[in-house]
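One structure is given here, and the rest of the page talks about it.
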Amino acid sequence: MAYNTRAPQGGKKNPTKGGHKKVGGPSAKHRGYQPEADAARSGKKPRWSSEQRVANGLGADRPRGQRPERGDERPNWEPRGKDARASVERAPAARKRDGGYGRRDDRDDRGSERRYGDRPRRDDRGYGDRPAYGDRPRANHGGDRPHRLAGDRPQRGSYGDDRARRDDRPARDERPRSDADRGQRTERTRYDSDRPRREDRPRYDDDRPRYDDRRSSSDDRRGGYRDERPRRDYSDRPRRDYGDRPRRDDAERAPRPMVEDVVLERLEAQATLASDVEGVTFGDLGLGQNIVRELAELGATAPFAIQAATIPDVLSGGDVLGRGRTGSGKTIAFGAPLVERLLTMQAGDNKRREFGRAPRALILAPTRELALQIDRTVQPIARSVGLFTTQIYGGVPYARQLGALERGVDIVIGTPGRIQDLSASGKLDLSKVVITVLDEADHMCELGFAEPVTEILDRTAEGGQRLLFSATLDKGVADIVERYLTDPAVHEVAGEDQASSTIEHRVLLLDQRDKQEVLIELASGPGKKLVFARTRAFAEQLADLLDDAGIRAESIHGDLNQSRRQRALDKFSNGRVTVLVATDVAARGIHVDDIGLVIQADAPDEYKAYLHRAGRTGRAGKDGLVVTLVPRNRRRRTEELLKRADIVAEWTPVEPGDALIEELAAR
DNA sequence: AAAAAAC
Numbered sequence: 001m002a003y004n005t006r007a008p009q010g011g012k013k014n015p016t017k018g019g020h021k022k023v024g025g026p027s028a029k030h031r032g033y034q035p036e037a038d039a040a041r042s043g044k045k046p047r048w049s050s051e052q053r054v055a056n057g058l059g060a061d062r063p064r065g066q067r068p069e070r071g072d073e074r075p076n077w078e079p080r081g082k083d084a085r086a087s088v089e090r091a092p093a094a095r096k097r098d099g100g101y102g103r104r105d106d107r108d109d110r111g112s113e114r115r116y117g118d119r120p121r122r123d124d125r126g127y128g129d130r131p132a133y134g135d136r137p138r139a140n141h142g143g144d145r146p147h148r149l150a151g152d153r154p155q156r157g158s159y160g161d162d163r164a165r166r167d168d169r170p171a172r173d174e175r176p177r178s179d180a181d182r183g184q185r186t187e188r189t190r191y192d193s194d195r196p197r198r199e200d201r202p203r204y205d206d207d208r209p210r211y212d213d214r215r216s217s218s219d220d221r222r223g224g225y226r227d228e229r230p231r232r233d234y235s236d237r238p239r240r241d242y243g244d245r246p247r248r249d250d251a252e253r254a255p256r257p258m259v260e261d262v263v264l265e266r267l268e269a270q271a272t273l274a275s276d277v278e279g280v281t282f283g284d285l286g287l288g289q290n291i292v293r294e295l296a297e298l299g300a301t302a303p304f305a306i307q308a309a310t311i312p313d314v315l316s317g318g319d320v321l322g323r324g325r326t327g328s329g330k331t332i333a334f335g336a337p338l339v340e341r342l343l344t345m346q347a348g349d350n351k352r353r354e355f356g357r358a359p360r361a362l363i364l365a366p367t368r369e370l371a372l373q374i375d376r377t378v379q380p381i382a383r384s385v386g387l388f389t390t391q392i393y394g395g396v397p398y399a400r401q402l403g404a405l406e407r408g409v410d411i412v413i414g415t416p417g418r419i420q421d422l423s424a425s426g427k428l429d430l431s432k433v434v435i436t437v438l439d440e441a442d443h444m445c446e447l448g449f450a451e452p453v454t455e456i457l458d459r460t461a462e463g464g465q466r467l468l469f470s471a472t473l474d475k476g477v478a479d480i481v482e483r484y485l486t487d488p489a490v491h492e493v494a495g496e497d498q499a500s501s502t503i504e505h506r507v508l509l510l511d512q513r514d515k516q517e518v519l520i521e522l523a524s525g526p527g528k529k530l531v532f533a534r535t536r537a538f539a540e541q542l543a544d545l546l547d548d549a550g551i552r553a554e555s556i557h558g559d560l561n562q563s564r565r566q567r568a569l570d571k572f573s574n575g576r577v578t579v580l581v582a583t584d585v586a587a588r589g590i591h592v593d594d595i596g597l598v599i600q601a602d603a604p605d606e607y608k609a610y611l612h613r614a615g616r617t618g619r620a621g622k623d624g625l626v627v628t629l630v631p632r633n634r635r636r637r638t639e640e641l642l643k644r645a646d647i648v649a650e651w652t653p654v655e656p657g658d659a660l661i662e663e664l665a666a667r
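So the first sequence is numbered by UniProt numbering: it starts at 1 and just counts up by one.
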């Protein structure tokens, strides 16, 4: 019974109905419309998974026989070097973008003054039903809403008053460019030229000659080094010294030295060198043939360091903490042995395929998209040995998830809220869960997540195996570790520092009022670009800004319903838009192939956020560039942030139109 | 303070 857990549930009923408190989605007209242009362009239309159909509001009513064979899907997995394939499942190429204006009636009047009036309207963003904007007067800004091209400053009051209330929002009209500003520009130039701080920072090139010709000095960065850059090689790189690792402020103040020291020590204890795993196969690590074969099909032919380090310990049944940098293959590191172990544990159990059986493994992730992505890796692995997964996350109707649970699944993958919800209402029995994974574990142990997470952990089988993974795994997990793990093995990969990264970091110092114009220039290149903003409102605003400037952009953030979030991500993944503007919902874990440039329109607040955002590019050993736009008044703060993140970036003052911006945009 | 995560 292939694809049992994905089988359509809930028939033809409109899936948006149960999932969202808000008034319904776009009109039926909108949903049904098939754009000839898109269909013609794409030729063959990629098929949708059941989830995508539901997520896009089309109903999960396709007969099972039409479900694409696995070979047709493009499962998502942690990237595998040159074998990397597109990781986010292909989304419908044929999706009407400009049909049905229902959601955007608050912007209908805008069309008349759009400079790009013939371009399709951004009807699919849907301000109208979002709570955060609920009090925004509709159509108020219609006639007088200024076009937001750079140089065409928005008038305050058009939407500034009731829209994003941002402290650093430029009071454009009230701040004509002054001599003082000019003066400061000169100062910044000076700052740049005598900037001494790079020398104070840890230099990796001293004992790592292979990077000497790469990013060791700012002059080398000007270009041309890429082709000469030697291949990555961890072999003789010294172990990371965690003693130097910057601590989180709050943790520093929190006095529980005992636990923290233990975790910290353990983290140092077992560092695996990539050279140690050379020649090792997944089979050597203890995975069965079917799983090994499936991994190869996913593109994972040989284990990455983090995988080689953790798989044996997971198979032995012990608790494991794993730390491997972004894009290093953590999903397989816990997913594959988890499946193998379930299989071993159920050997000889003739009730293992019982209808309605309770899940025995649980994987928790901080966002729905990440949960979905993990499932795209774990599901085929599980399937290869006859186990079933299902996704349990919020924002979508219950019916399909409940149906899957009623039939019985082996592995539940999801986000805390809905899992707790179903667990509390007795629909999801966690008592048989003997393996629990916290992906992005440090984040899952933070305020806001810790409570539901611990409640879920409390419901799982006592003494069960627990696996905590994150690129930024730190002592923030100490409480959870202390409470729920027993003598965990702690693994990391040696030499994962900035010098061994394929990601280059740059900071553009600019005038706050120039931010949007510079962003437009940066985002205008051909490659995929991911833009991060600090708030939902600003993300939304920037996507509009770029769209109005003729750059196809989508936004993704928590104010959008799930189908819009998924659609935005799909469009970005399959290249139908080149720019995705996101809040930190997309900061962790999400893998999209070939993001060449990450732009931080706002610097993040936390160094870990910086690392995760940056990790959306430079995946699987590819080159990546992170550009952070920093207004002068945030310079200090950003310097501190980068220092904590252990990142060396080149700082450059810029103005709109600078050649450097264009150069960076071309990457 | 924001974002994420249930309805």
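Yeah, the Cβ is synthetic: ideal placement off N, Cα and C, and Gly gets one too.
Exercise. To the nearest whole angstrom, what separates the beta carbons of Gly476 and Asp439, a pair I think is in contact under 8 Å?
Worked result: Rounded, the Cβ-Cβ distance is 15 Å, inconsistent with contact.
Problem set entry | Three-way DSSP call (helix, strand, coil) for Asp325 in this model | For the sequence presented, residue 325 should be read as Arg rather than Asp. Three-state DSSP puts Arg325 in coil, outside helix and strand.
Problem set entry | 8 Å contact criterion, which Leu321 and Val490 should meet: CB distance rounded | 4 Å
Exercise. Are the stretch 291-304 and the stretch 317-336 touching, with three or more C-beta to C-beta distances below 8 Å?
Worked result: yes
For this session: Would you mind working out which of Val626, Ser500 and Ala665 sits nearest Tyr610, comparing C-alpha positions?
Result: Val626
Problem set entry | Assigned exposure category for Glu662 - 16 Cβ within 10 Å defines buried | exposed
Problem set entry | With 16 other Cβ atoms within 10 Å as the buried cut-off, status of Ser328 | buried
Exercise. If you run the structure through DSSP and keep just helix, strand and coil, what is Gln270?
Worked result: coil
Exercise. Going by other Cβ atoms of all chains shown within 10 Å of its Cβ, with 16 needed for buried, is Thr652 buried or exposed?
Worked result: buried
For this session: Measure the C-alpha to C-alpha separation of Ala649 and Val385 and round it to an integer number of angstroms.
Result: 46 Å
Exercise. With a CB to CB cut of under 6 Å and the five nearest residues on each side skipped, what residues in its chain are close to Gln600?
Worked result: Phe532 and Thr628
For this session: Take the Cβ of residue 671 as the centre, count every other Cβ of all protein chains shown within 10 Å, and call the residue buried at 16 or more, exposed below.
Result: With the chain covering only 1 through 667, there is no way to say anything about residue 671.
For this session: Report all residues from its chain with a CB closer than 7 Å to the CB of Val292; omit the five preceding and five following residues, and keep chain order.
Result: Phe282 and Gly283
Problem set entry | Contiguous alpha helix (DSSP H) assignments of at least 4 residues, all confined to the stretch 428-475 | 441-444 and 450-459
Exercise. Per DSSP, Arg357 is paired with what?
Worked result: Gly408
Exercise. Which term fits Ala365, buried or exposed, when burial requires 16 or more other beta carbons within 10 angstroms of its beta carbon?
Worked result: buried
Exercise. Start and end of the alpha helix (DSSP H) containing Gly335?
Worked result: Lys330 to Met345
Exercise. Can you tell me the Cα-Cα spacing of Gly299 and Arg619, whole angstroms?
Worked result: 14 Å
Exercise. CB Val585 to CB His557, shorter than 9 Å?
Worked result: yes
Exercise. In chain order, what residues of the same chain lie with their CB nearer than 6 Å to the CB of Ile595, ignoring the 5 residues before and after it?
Worked result: Lys528, Leu530, Arg616 and Thr617
Problem set entry | Residues sharing a beta bridge with Ser555, DSSP | Val581
For this session: Look up His612 in the DSSP assignment and say whether it is helix, strand or coil.
Result: helix
Problem set entry | Beta carbon of Gln516 nearer than 9 Å to that of Leu545 | yes
Exercise. Roughly how far, in whole angstroms, is the beta-carbon of Ile311 from the beta-carbon of Ile374, given that I think they are within contact range, below 8 Å?
Worked result: Incorrect: roughly 17 Å between the Cβ atoms, too far for contact.
Exercise. Based on the DSSP secondary-structure assignment, which residues constitute the bridge partners of Arg506?
Worked result: Val627 and Glu650
For this session: Return the chain-ordered list of same chain residues with a C-beta closer than 6 Å to the C-beta of Val437, the five sequence neighbours on each side being excluded.
Result: Phe334, Ile363 and Leu467
Exercise. With Ala543 and Ser555 assumed to form a contact (beta carbons below 8 Å), what rounded beta-carbon distance in angstroms separates them?
Worked result: 4 Å
For this session: Would you kindly work out how many angstroms separate the C-alpha atoms of Glu297 and Arg637, rounded to a whole number?
Result: 45 Å
For this session: Taking Gly324 as the reference, give the member of Val493, Leu580 and Ala666 with the closest Cα.
Result: Val493
For this session: Note down the Cα distance separating Asp511 from Glu655, rounded to an integer number of angstroms.
Result: 8 Å
Exercise. Is the beta carbon of Ala523 less than 9 Å from the beta carbon of Thr578?
Worked result: yes
Exercise. Looking at Ser573 and Val592, is the spacing between their C-beta atoms short of 9 Å?
Worked result: yes
Exercise. Between the beta-carbon of Leu343 and the beta-carbon of Gly288, is there less than 9 Å?
Worked result: yes
For this session: On the DSSP bridge assignment, give the partners of Gln600 in chain order.
Result: Phe532 and Thr628
Exercise. Quick one: what's got a C-beta closer than 8 Å to Glu354's C-beta in the same chain, skipping five residues either side?
Worked result: Gly408
For this session: Would you check if the distance between the CB atom of Leu487 and the CB atom of Thr535 is smaller than 9 Å?
Result: A small correction: the amino acid at residue 487 is Asp; Leu does not occupy that position in the sequence shown. It is not a contact, given that the beta carbons lie outside the stated cut-off.
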